[in-house]
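Chains as they are written, first to last, in the numbering used here: chain W, 2 to 110; chain X, 12 to 128. The structure under discussion appears below in the form of structure tokens.
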């Protein structure tokens, strides 16, 4: 079993839709969690950290479920510019960053 | 502006040749990393350096070498021993190797795309 797993997608949604991605992790001692966004042929960029209490940044909401060992990213009112690959990143207790393989989102007009 | 500069952006190599990818950061970060990304796969760690003059193997270090003689520089050499070097290589840095606060986020360079002919 991979340490971090994501549904690779692609998720094809119309503009204005709400879409959610999940990311599961296997190490219960994992410490920190992030979502990164990667545009085609570009470097990943930090989208948001994921806090235990959940956090929101505009149309984006991130949540952590330690009991079930997953994090989620919810995007409301999808825009064409949201089309990208979303990478889940988990830091384990040794300080090592583990990347998921990414979930591809395509927002259509 | 502070950031990470990788060069070259595109590189073509003949089989049997060594190539060196440059990575320079002006963020005053202690930790630096090299990742490899293949299509449809997550980033895999090649080497990392927690502090200047120190570096450690990551998950896929075979066929690669690095140095960390200066805080701001962490070049990666792809040697002829790397069997499948065609990939997208990403250099990253962070303020420190480890923190529990969640503030230890990575900053990436724009990447170097290596193709073996």
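Where a beta carbon is used, it is the ideal one built from N, C-alpha and C, also for glycine. Everything numeric in this text was worked out from a predicted model, so none of it was measured.
Under 8 Å by beta carbon: chain W residues contacting residue i
i                      : result
residue 121 of chain X : 43 and 44
residue 116 of chain X : 35, 47 and 50
residue 101 of chain X : 44 and 45
C-beta neighbour in chain X for residue i, strict 8 Å
i                      : result
residue 22 of chain W  : no
residue 102 of chain W : yes
residue 9 of chain W   : yes
Presumed contact (8 Å Cβ cut-off) between residue i and residue j, rounded CB distance
i                     : j                      : result
residue 87 of chain X : residue 105 of chain X : About 17 Å; that fails the 8 Å criterion.
residue 37 of chain W : residue 46 of chain W  : 6 Å
residue 62 of chain X : residue 49 of chain X  : Going by Cβ atoms, the distance from residue 62 of chain X to residue 49 of chain X rounds to 29 Å, so no, they are not a contact pair.
residue 5 of chain W  : residue 99 of chain W  : 5 Å
residue 59 of chain X : residue 75 of chain X  : About 12 Å separates the two Cβ atoms, so there is no contact after all.
residue 95 of chain X : residue 79 of chain X  : Residue 95 of chain X to residue 79 of chain X, Cβ: 25 Å. No contact.
residue 77 of chain X : residue 125 of chain X : 15 Å between Cβ atoms; not a contact.
residue 34 of chain X : residue 120 of chain X : 6 Å
Closer than 7 Å at the beta carbon, the chain W residues around residue i
i                     : result
residue 45 of chain X : Within chain W, no residue comes near residue 45 of chain X; the closest Cβ sits about 13 Å away, beyond 7 Å.
Residues sharing a beta bridge with residue i, DSSP
i                      : result
residue 66 of chain W  : W/71
residue 20 of chain X  : Residue 20 of chain X pairs with nothing; no bridge assigned.
residue 46 of chain W  : W/38
residue 47 of chain X  : X/55 and X/100
residue 124 of chain X : X/21 and X/99
residue 42 of chain X  : X/105
residue 52 of chain W  : According to DSSP, residue 52 of chain W bridges with nothing at all.
residue 15 of chain W  : W/109
residue 21 of chain W  : W/75
residue 118 of chain X : X/104
residue 58 of chain W  : W/61
residue 31 of chain X  : X/88
CB contact check: residue i to chain W, cutoff 8 Å
i                      : result
residue 80 of chain X  : no
residue 53 of chain X  : yes
residue 111 of chain X : Here residue 111 of chain X scores only 39 on pLDDT, less than 50, and its place in the model should not be relied on; the value that follows carries that caveat. So yes, residue 111 of chain X belongs to the interface.
Min CB distance residue i to chain A below 8 Å
i                     : result
residue 98 of chain W : This model lacks chain A altogether; the protein chains it does include are W and X.
Chain X contact residues for residue i, given Cβ-Cβ distances below 8 Å
i                     : result
residue 88 of chain W : 53 and 54
Self-check item: Segment contact flag, the segment 24-33 of chain W with the segment 20-37 of chain X, C-beta cutoff 8 Å, min 3 pairs
Solution: no
Quiz prompt | the segment 98-110 of chain W contacting the segment 53-62 of chain W, beta-carbon criterion three pairs below 8 Å | solution = no
Quiz item: Is it a yes or a no for the segment 3-22 of chain W touching the segment 70-79 of chain W, going by three-plus beta-carbon pairs under 8 Å?
Solution: yes
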